[in-house]
Every structure is written in C-alpha cells, then in structure tokens.
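The block underneath contains the structure these notes are about, expressed in structure tokens.
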Amino acid sequence: MSAHTGSDFDGTGPLAAIKRWLVGLAAPVFGPDTDIVNIVAHFTEYLIFGLLLVLAARRTWPALGWGKLALVAVALASLYAVTDEFHQSFVPGRMCDPADWLTDTLGAALGAGTAVLALEKMLAKRQMG
Numbered sequence: 004m005s006a007h008t009g010s011d012f013d014g015t016g017p018l019a020a021i022k023r024w025l026v027g028l029a030a031p032v033f034g035p036d037t038d039i040v041n042i043v044a045h046f047t048e049y050l051i052f053g054l055l056l057v058l059a060a061r062r063t064w065p066a067l068g069w070g071k072l073a074l075v076a077v078a079l080a081s082l083y084a085v086t087d088e089f090h091q092s093f094v095p096g097r098m099c100d101p102a103d104w105l106t107d108t109l110g111a112a113l114g115a116g117t118a119v120l121a122l123e124k125m126l127a128k129r130q131m132g
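Structure, rendered in structure tokens:
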C-alpha cells in the first residue's frame, strides 16, 4: 500500500467523481469522515493477494484440501497485514490501524474463497471431459 491517501482523488476529474460517488454510498454506513478510497484500496489489494496465495499454496501443498488451502492463504495474508500495520507505527505521519488489518483480512478471505470456488469448478469441468 502506498503512502498516498484519498485526498489524491480530490478535484474535478473522473477519479474525483468516482470518489464522490463511493463516499455518498459509504457515508450513511461508515460516517462522513471515512476515507472510502483507502478502504476500497486495502480490500482490493488483499483480495488479489488472497487469490494469489491460494494458487501458491495449491502448488506448494497439492494434497491439502480446498478449505485448508483457503485457511492457509487467509492466515498468511492476515499475518502479513499485521506486520504491515505494525511497520506503519514507525513511519512518521502513519499509524497502526486495526480497521485496516480487518479490511485486509476480509479482502484476503473473499479472494481466497473466490479462488477456491473457481479452481474447484475448473477442475470439475476438466475431469468431466
């Protein structure tokens, strides 16, 4: 994750319009001061990370069942997220945010789950014919 914040999307361009739309959707649920761009970025980054970790875990431990592969992927992503948040506590202007860790872990869980479902479906089709 970069050190950039949602304020990079302030202005009048298309990204600013997308940000305003997302903030409008999130404000009633999370409050008006929520940095929705940061939340979406964290979630998306770790969704992809969780998906890739399932693929790596499958190649590393092919005998593991799908559920265990997903758990390994989510655990590794969550552990990485914790270390990332801890590291941020040493960076001037940054802080350790447990909400970011939770967002990261939820993104990884969705990515890992999506990967497992897609791989199961692909392998079932391949076995059928």
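Numbering (my numbering), first residue to last: 4 to 132.
From the three backbone atoms N, C-alpha and C, an ideal C-beta is built for every residue, glycine too.
Since the model is a prediction, treat every value here as computed from it, not as a measurement.
Based on Cα-Cα distance, which residue from the options lies nearest to residue i?
i	options	result
P101	V119, A118, L82	L82
A78	A115, L28, L18	A115
T47	M98, W24, T106, F89	T106
N41	M131, L25, I51, F52	L25
What is the DSSP secondary structure of residue i, counted as helix, strand or coil?
i	result
V119	helix
R129	helix
L67	coil
D36	coil
G96	coil
T86	helix
When you compare the CB of residue i with every CB in chain C, is at least one pair closer than 8 Å?
i	result
A118	In the structure shown, chain C does not exist; there is a single protein chain.
Could you check the C-alpha separation between residue i and residue j for me, to the nearest Å?
i	j	result
G9	R129	The pLDDT assigned to G9 is 49, lower than 50, so where the model puts this residue is not dependable, and the model offers no usable value.
V137	D103	Residue 137 is absent from the model: the chain starts at 4 and stops at 132.
R62	L55	11 Å
How about residue i and residue j: are their beta carbons less than 8 Å apart?
i	j	result
A66	A76	no
D123	W69	In the sequence under discussion, the amino acid at residue 123 is Glu, which differs from the Asp named in the question. Result yes, Cβ atoms of E123 and W69 sit closer than 8 Å.
A73	T108	no
L50	A111	yes
L113	G53	yes
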